Amino acid sequence: MTSETPQFRAHCERLVGLLPELANNLIQRTLESLRAPRGDLTVAQDRQLIFGLASQVQQHQLRLHEALTHRFQNEIAQARLTHPDSTASRTPLPKLDELTLVDESAAETTIEVARTVQIIDLMAEWSLRELQSYSAALRGDADIRAEANPFTPAAFARALSDAVSVLNLPSPERHLLLRVAGQELARLLHRFYGDANVHLQQEGVNPVEYKTVVNLHAPSATPMDMTRPGALDALLQRLPAAQQMSPALVTAALDRALQQLPLNQAGAQVGDPRTLQNLSQLLEQMVKESASVPLVQPVVRELQTSMIRMAMQEPKLVENLQHPSWQLINDLVSYVSGFRPEEAAEQHHFMDQIQPIISQLVSNTAPRSEDFVQARQDIQKVIEDQSTELLANRAATLKALEEADHLETLKGLLHQQVEQHLEGHTVPLVVSDFLRGPWVNVMVHVMTQADVPEAESQSLINVVEDLVTSLQRPTTLEERDHLRGMLPSLTERLRKGMAIIEWPPKLRGDLMEQLMVV
52 MTSETPQFRA HCERLVGLLP ELANNLIQRT LESLRAPRGD LTVAQDRQLI
102 FGLASQVQQH QLRLHEALTH RFQNEIAQAR LTHPDSTASR TPLPKLDELT
152 LVDESAAETT IEVARTVQII DLMAEWSLRE LQSYSAALRG DADIRAEANP
202 FTPAAFARAL SDAVSVLNLP SPERHLLLRV AGQELARLLH RFYGDANVHL
252 QQEGVNPVEY KTVVNLHAPS ATPMDMTRPG ALDALLQRLP AAQQMSPALV
302 TAALDRALQQ LPLNQAGAQV GDPRTLQNLS QLLEQMVKES ASVPLVQPVV
352 RELQTSMIRM AMQEPKLVEN LQHPSWQLIN DLVSYVSGFR PEEAAEQHHF
402 MDQIQPIISQ LVSNTAPRSE DFVQARQDIQ KVIEDQSTEL LANRAATLKA
452 LEEADHLETL KGLLHQQVEQ HLEGHTVPLV VSDFLRGPWV NVMVHVMTQA
502 DVPEAESQSL INVVEDLVTS LQRPTTLEER DHLRGMLPSL TERLRKGMAI
552 IEWPPKLRGD LMEQLMVV
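Residues 52 to 569 (my numbering) are what the sequence shown spells out, left to right.
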């Protein structure tokens, strides 16, 4: 256990005490989002999973709350064990040519956590930076380090990923839950960090100021003008033949070539092996992940070239997972994977529409962040236009399904009503079959058509009871007189109902003959 100042320890213990409440709020906010889906959930295939997933979370929310709280606390405790200055306990990053394949579930978990961290960083960037400066002050540090704050986005993201495992969800439901819960966690952490900052400010803590650090001993590099036409081709020529190499070796070779190049004429260079390694790993993850969406994978491969070019000018691309280039790829994978199987034509149409945007981006030999921002906006416009059209079509389909479901429910209720009237009475089989089948359709029609007067509708519904009664032998003169008076009206209503459903004339005649015999 590292030595902590009393002030920093009190600060951590206070926030740890708030973690059960944070876990509860996360579950409730996630349930609300699942019950009232919005945004991309309304057009994606995930919509088909939402209601079942909401039921699972609702059913096991106590278990999930316990898991979230426990893992939140464990992650924070683990982060507090190592002082940010210490490097002994950290596992050094392997070199690229030492990397080996990991199992599929581990790779998916890494991607899940990275995505959640992206969302949190985007929503809570400034409140998190402020909390880091306060944490440094409480520790007594002169400089600000991200590790000084144990309540990091990565800690919460890992905890969330681990906690949802207790639900034993299939992969599609798990990914959907992490996406929805990740967004809600980001919103809650933005407030969590902000409230912590306000509390520390009220306690009179003076945050450490951020300083600009200039590296006066930047490594020298062989000059190369990256603005010169053909510079990237020259870089690629340094690679061994890609056809004879595995993807991992191609990436490793590219890493070594990149390390020899300055980023610009001033001599700045991406010389940190870990930076290059991270870029390579992220690109490989993106390509691998997009394999589940075959239409998108070629686009992701195309964009790799542009991202390598841009990384030479913008080193922060590697460490900033909120960069427009990463966001553009995430947008494409998320949207295209949301199409249902029967919407393959619309899926292909979307890819055809965005191809000119991608081609223009790839053909740019000196891409900038602004180019990806513009491309993302253009693609978002295509998504919005198509989503509007798809929603309109789906709304019509849903309405038709709802109406059909309503009719089936109504038909079931009317069947029950017919059975109640038939129970305990002797009725010819041809009549009971008629009441259970065709006449139920008559009642459904008159009950769902607005142009049928209420009195007429009710008179046709009463046919069931009146017909069953008329087929019973009268026991008194009064009952016989009542039956004789009712028969003309009953016959007329029967003929009217059969005409409404266009029952075949022969069947009408056969039924009326049977009734006359009775």
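All C-beta atoms in this analysis are idealised placements derived from N, C-alpha and C, irrespective of residue type, glycine included.
On a predicted model such as this, the values are computed, not experimentally measured, just so you know.
Looking only at its chain, what residues have a beta carbon closer than 8 Å to the beta carbon of residue i, apart from the 5 residues adjacent to it on each side?
| i | result |
| --- | --- |
| residue 430 | 379, 382, 383, 405, 408 |
| residue 561 | 481 |
| residue 255 | none |
| residue 413 | 353, 354, 356, 357 |
| residue 419 | 361, 364, 365 |
| residue 434 | 382, 386, 401 |
| residue 1 | Coverage of the chain is limited to positions 52 through 569, which leaves residue 1 absent and any answer about it impossible. |
| residue 399 | 346 |
| residue 508 | 497, 498 |
| residue 124 | 67, 70 |
| residue 108 | 78, 81, 82, 85, 115, 218, 228 |
| residue 239 | 73, 76, 77, 80 |
| residue 56 | 189, 190, 191 |
| residue 235 | 77, 80, 81, 84 |
| residue 65 | 250 |
| residue 212 | 160, 163, 164, 167, 229 |
| residue 547 | 511 |
Considering only residues of the same chain and omitting the five flanking positions on each side of residue i, which have a CB-CB separation below 7 Å?
| i | result |
| --- | --- |
| residue 178 | 241, 244, 245, 248 |
| residue 350 | 383, 409 |
| residue 114 | 217 |
| residue 268 | Caution applies to residue 268, whose pLDDT of 39 falls short of 50 and renders its modelled position unreliable; the value that the coordinates give is listed next. Cβ within range, chain order: n/a, list empty. |
| residue 485 | 562 |
| residue 496 | 551, 552 |
| residue 111 | 218 |
| residue 257 | 188 |
| residue 230 | none |
Under 6 Å Cβ to Cβ from residue i, same chain only, skipping five residues before and after it: list those, please.
| i | result |
| --- | --- |
| residue 388 | 344 |
| residue 374 | 368 |
| residue 475 | none |
| residue 63 | none |
| residue 168 | 204, 205, 208 |
| residue 402 | 346 |
| residue 210 | 122, 123, 126 |
Between which two residues does the alpha helix (DSSP H) containing residue i stretch?
| i | result |
| --- | --- |
| residue 255 | Taken as a continuous stretch (DSSP letters only), residue 255 belongs to no alpha helix (DSSP H), as it is neither H nor E. |
| residue 216 | Neither: residue 216 is in no alpha helix (DSSP H) and is coded neither H nor E. |
| residue 490 | 489 to 499 |
| residue 352 | 348 to 364 |
| residue 202 | It is not in any alpha helix (DSSP H) - residue 202 carries neither H nor E in the DSSP assignment. |
| residue 477 | Taken as a continuous stretch (DSSP letters only), residue 477 belongs to no alpha helix (DSSP H), as it is neither H nor E. |
| residue 57 | 57 to 67 |
| residue 511 | 505 to 512 |
| residue 522 | Taken as a continuous stretch (DSSP letters only), residue 522 belongs to no alpha helix (DSSP H), as it is neither H nor E. |
| residue 560 | 556 to 568 |
| residue 130 | 112 to 132 |
| residue 74 | 70 to 86 |
Using only the heavy atoms of the ligand NAD, determine whether one of them is closer than 7 Å to the beta carbon of residue i.
| i | result |
| --- | --- |
| residue 471 | No copy of the ligand NAD occurs in the structure displayed, which carries no ligand at all. |
Q. For the 8 Å Cβ check, are there 3 or more pairs between the segment 552 to 565 and the segment 528 to 537?
A. no
Q: Count the C-beta pairs between the segment 116 to 131 and the segment 194 to 205 that are closer than 8 Å, then say yes if the count reaches three, no if not.
A: yes
Q) Given 8 Å as the limit, is there contact between the segment 71 to 83 and the segment 162 to 182, that is, 3 or more CB pairs closer than that? A) no
(Q) So within the segment 380 to 415, which uninterrupted beta strand (DSSP E) runs reach at least 3 residues, ignoring any that extend past its ends? (A) none
Q. Counting Cβ pairs, one atom from each stretch, are 3 or more of them under 8 Å apart for the segment 118 to 127 and the segment 62 to 74?
A. Yes, they touch.
Q) Using 8 Å as the Cβ pair cut-off and three pairs as the minimum, do the segment 416 to 426 and the segment 455 to 466 touch? A) no
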